[in-house]
Every structure is written in structure tokens, then in C-alpha cells.
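**Q** Here the protein sequences come in this chain order: A and B.
Residues in the first sequence are numbered consecutively from 861, following the numbering used here.
Residues in the second sequence are numbered consecutively from 861, following the numbering used here.
Think of the CB as a built atom: it goes at the ideal place given N, C-alpha and C, for glycine as much as any other residue.
Remember, predicted model here, so these are calculated numbers, not experimental data.
One structure, as C-alpha cells, below. Some questions next.
Number of protein chains: 2
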Amino acid sequence: MLISTRGRYALRILIDMAEHNSNKYIKLKEIAERQEISEKYLESIVKELVNHHIVVGLRGKGGGYKLSKAPDEINVGEVLRFMEGSLAPVACLEDNSTPCPKAPFCRTLDFWRGLDQIIRNYTDSFTISDLVKTEEAGNDYVI
Amino acid sequence: MLISTRGRYALRILIDMAEHNSNKYIKLKEIAERQEISEKYLESIVKELVNHHIVVGLRGKGGGYKLSKAPDEINVGEVLRFMEGSLAPVACLEDNSTPCPKAPFCRTLDFWRGLDQIIRNYTDSFTISDLVKTEEAGNDYVI
DNA sequence: CGTTTTACCTATTATATCAGTATGTTAATA
DNA sequence: TATTAACATACTGATATAATAGGTAAAACG
């Protein structure tokens, strides 16, 4: 049931961009260094964020990436869903899945539907701005 | 985020046993035929159910497996958790995980904790008896 | 007693996905 | 025209999944 690095890193990229948001383009190299993730690997992840119009890229000097909308307009569930392909717990609940012939007799289908729904509701209730550091909240854990 | 066949098949085995519960031992071959799953593969799954005292086995003629407790005493979340190893969405929330040094600054930890919790609450709210066919409910889907 | 039956035990394997690396190309700026 | 940084494509090692194969132990039956 683990969320892969693609989904997790995508959130970290977006949070990083939201926290360093100055309307300028941010180099991927900067993000990679701050987040301690391979720049090359991040490229493949940012590519998807660009394809889904969550961020925009600009090439050349002074280029980089920036958010294409406000952090509170970027839905966490949506991002996770396209980065992971799906968040459904079983294949038959994924989009574009071929209808299961056993569905009419399936004892577990409603259980899985319910699980799928609560995951959907929960993840959809967050935006990137909900995950961004506010004041010094992040240090409350330190004694 | 997919639940593997081990978790799904385990539920199907338990539901099958609950529906054919006559206090007698049921041969794995029967279950394998009804569920259309390889008997050999089911063996490795039932083994875990035996280890966790959910079912008991008896060898020889007239042997097989039966539930070691009533269906309404078998918790779905518990079964899924030990069959899957864990249902946590991120490794740092799994049992016995080494503490993450970044936890104090992690922007996403609370989000993942919340997700883990709703999955836990939901799956723990079901028992096998909730999944068993009641009357002809399973055919309600058929027009 | 010995044959059948069925659970139990220990490898081995094909396939796919994950997580990343490597190398090169295009476009924007200075 | 050189530099910068995004964009594109191909490849790779490791790991997990979903099984299969082949055997051993114990309970019943005749």
C-alpha cells in the first residue's frame, strides 16, 4: 500500500516551490539540493507536473520552474492520483479498468469501494498550502 | 497503493469458509476450486492465517481448515495488515521503522499520519461477517 | 500395517515495477 | 555565440509479486 517516491517527491517539490515562491523561476538543481534528491530523477517527476499544468518551465539562464497556480488551488489528491497512476486499493476500481465479470457476486467490492472513497475524500481535502510551513510550526516537535 | 493478491485472497478464503461453515474441516482444494485460485498459492496464504490463529488445520482424510473463531470476531484490518506486512502509506509509519531524522521538519508527516489513521479506522470497522453474503443481497446488482 | 489423503515445508522462477542513471537535444538569456 | 537550464529518450540494477515444483509429516481408513 506504499505511496511511491514519485508521489511523495512530487509533493515535496510543490511544497518547496510554494515555500520559495517569489514569482521567479526556480532551478531544479536548487530544489534537488534542498530536498536531497537526485536532480535527474526529479526531472522525470517535474515533467509530469508540467504535463498536468501544475507547474510551468522556462529554459535557459534565469529559467527553471514555477507553480502555475496558487498553492491553495493545487489539490493533493489530484497530484497523488496522476503521479501514482491511481490511488485505488484494487485494480477493478481504477479508471479505465475492464469491468469485472464477478462484480455482481463479489463479497468484497463494497468494502473496497468504501476504502477507495475515504482515501479519495481525505486526500482531496488537502491543498499544497495546507502542507506548507506556517510560522515556526515545523519546530514544535523539537524540545 | 494496490492491495496485493495475498491480502485479497486471504479475505476471499475467510469469507468462503464463513459461508460454508458447518463446523467441519474444509479442504483447501474445495476453496481453490470455488475461488478459482491455484491451490498451491493458497497454501502459502493459509499458512499465515494459521500462524496468526485465524484458522486451524487438520491433516489426513476428513481434514482441512476451519475458522478458529466466529466470523464476527475476525477483524478485516488486522488480517490485511499482517498479510500485507503493513497498510501504512509511507515506510516511516510502519511498525519497527527506524525513526526518520527529518521528521521534526517534515511537511508531509501529519498528512500521511492522517491518511494512515483513516485507513486504519475504516478497515478495523469491518469483520468477516460484514462481508459474508446475507440472504440474496449479492444479487441485488443484477437487474 | 500400509495406503490414501490432506496439511505442511522448502526451494526456485518468470515477470514487472521501482528508482534511478546516462547521454543528448532544444530553447532562452547575456 | 557561449552559457544555462529545461526537455527528451534510452538504459539498468535491485526488489517484490505471484506464482510453481517437489517433497515430508500426520491423520484416517480398510
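What residues of chain A sit near GLU944/B, judged by a beta carbon separation below 9 Å?
**A** Here the neighbours are MET861.
**Q** Can you tell me which residues form a DSSP beta bridge with THR865/B?
**A** In the DSSP output, where bridge partners are listed per residue, THR865/B has none listed.
**Q** Any beta carbon from chain B within less than 7 Å of PRO949/A's own beta carbon?
**A** yes
**Q** Taking 7 Å as the threshold (C-beta atoms), are MET877/B and ILE886/B in contact?
**A** yes
**Q** Should the region 913 to 920 of chain B be called in touch with the region 949 to 966 of chain B, which here means at least 3 C-beta pairs below 8 Å?
**A** no
**Q** Are the Cβ atoms of LYS889/A and GLU899/A separated by less than 7 Å?
**A** yes
**Q** Can you find the residues in the same chain that come closer than 7 Å, C-beta to C-beta, to HIS912/B, ignoring five residues on each side of it along the sequence?
**A** PHE942
**Q** What is the rounded straight-line gap between the Cα of ASN999/B and the Cα of LEU991/B?
**A** Note on ASN999/B: pLDDT 44, under 50, position unreliable in the model; the coordinate value appears next. Approximately 14 Å, taken between the alpha carbons.
**Q** By the 10 Å Cβ neighbour count, where 16 or more other Cβ atoms means buried, how is VAL1002/B classified, buried or exposed?
**A** For VAL1002/B, the pLDDT reaches just 37, beneath the cut-off of 50, and the residue's location in the model is therefore unreliable, although a value from the coordinates is still provided. The residue is exposed, with fewer than 16 neighbouring Cβ atoms inside 10 Å.
**Q** Pick from ASN935/A, LYS907/A and ILE934/A: whose alpha carbon is nearest that of TYR925/A?
**A** Here the closest residue by C-alpha is LYS907/A.
**Q** Can you tell me where the beta strand (DSSP E) with VAL916/A in it begins and where it stops?
**A** 915 to 918
**Q** Listing by chain order, which chain A residues have their CB less than 7 Å from the CB of GLY974/B?
**A** Chain-order list of chain A residues neighbouring GLY974/B: TYR982, by C-beta distance under 7 Å.
**Q** Please list the segments of the beta strand (DSSP E) lying wholly inside the region 871 to 920 of chain A, counting only runs of 3 or more residues, in order along the chain.
**A** 915 to 918
**Q** Give, in chain order, every residue of the region 898 to 916 of chain A whose Cβ lies closer than 7 Å to some Cβ of chain B.
**A** Within the region 898 to 916 of chain A, no residue has a Cβ lying closer than 7 Å to any Cβ of chain B.
**Q** List, in order along the chain, the chain B residues whose C-beta lies closer than 8 Å to that of ARG894/A?
**A** Under the 8 Å cutoff, chain B gives no residues; its nearest Cβ is about 11 Å from ARG894/A.
**Q** Report all residues from its chain with a CB closer than 6 Å to the CB of SER989/B; omit the five preceding and five following residues, and keep chain order.
**A** PRO931 and ASP932
**Q** Got a sec, what are the start and stop residues for the alpha helix (DSSP H) LEU1046/A sits in?
**A** What the structure shows of chain A is the stretch from 861 to 1003, and residue 1046/A is not part of that stretch, so it cannot be assessed.
**Q** Could you please give the first and the last residue of the uninterrupted alpha helix (DSSP H) stretch that includes LEU953/B?
**A** LEU953/B -> no alpha helix (DSSP H), and no H or E assigned at all.
**Q** Expressed to the nearest angstrom, what Euclidean distance is found between the alpha-carbon atoms of THR994/A and ASP976/A?
**A** 30 Å
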